[in-house]
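Student: Take this structure first; my questions come after.
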Amino acid sequence: MRETKKIDSVLEDARSLQDLSQKFSKLDELNQILHKILPEHLINHCHIGAVDNDKNLVILYLDNSTLKHIFTGMANQILESFKNHHYSFAGIITRIRPQTTTNSVRRKPLTPKVKSKLTQLAQSINRPDLIEDVAIIDKDKEIDL
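Per the numbering used here, the very first residue in the sequence shown carries number 26; after that it's consecutive.
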């Protein structure tokens with residue numbers, strides 16, 4: 026009975042990783058489409074962070090509120106570009122990324138299990154940059170885990 030639970034757990038983890046991989050791949054593709062139509066100076070200040078499937082909306086995250094009017098004006102162009110790539114959305118919601126007010130970021134080291142799952146996910150979506158073994162302790166200093 027115990028072996029069955031382990032197998033079920035492994036299968037559920039595999040399904041979850043596959044679902045996440047598909048979602049990340051879709052977001053990555055949408056971001057690539059978006060970046061093709063944006064002026065170069067805007068590319069690093071926004072990204073599509075989610076899709077609300079229930080309402081058929083794209084959620085676009087912006088660095089600051091001053092960019093909101095630019096992207097509101099570009100909404101039809103962005104939606105048309107997605108449509109040309111076989112993605113049809115009802116609209117775009119813009120969200121402002123929260124600004125951090127501290128000079129340093131502290132992170133707990135990843136557990137081996139979490140690190141293993143992150144590595145599997147990064148490999149499955151061909152994103153090796155997601156598995157760098159670096160923890161940011163101070164904005165000017167990095168240490169290996």
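A virtual CB, placed ideally from N, CA and C, is assigned to each residue, including glycine.
Excluding five sequence neighbours on each side, which residues of the same chain lie with their C-beta closer than 8 Å to the C-beta of ILE95?
Tutor: These residues qualify, in order along the chain: LEU67.
Student: Please state whether DSSP places THR91 in a helix, a strand or coil.
Tutor: helix
Student: Determine the closest residue to GLY118 out of HIS110, LYS108, GLN124, ALA100, with distance taken between C-alpha atoms.
Tutor: Rather than Gly, the amino acid found at residue 118 in this sequence is Ile. ILE118 has its Cα closest to that of ALA100, out of HIS110, LYS108, GLN124, ALA100.
Student: With 16 as the cutoff for other CB atoms within 10 Å, does LEU55 come out buried or exposed?
Tutor: buried
Student: Tell me the rounded alpha-carbon separation between ASP154 and LEU146.
Tutor: 12 Å
Student: Count the other CB atoms within 10 Å of the CB of ILE103; is the residue buried (16 or more) or exposed (fewer)?
Tutor: buried
Student: In the DSSP assignment, the beta strand (DSSP E) including THR136 goes from what residue to what residue?
Tutor: Counting along the chain, THR136 falls outside any beta strand (DSSP E), and DSSP gives it neither H nor E.
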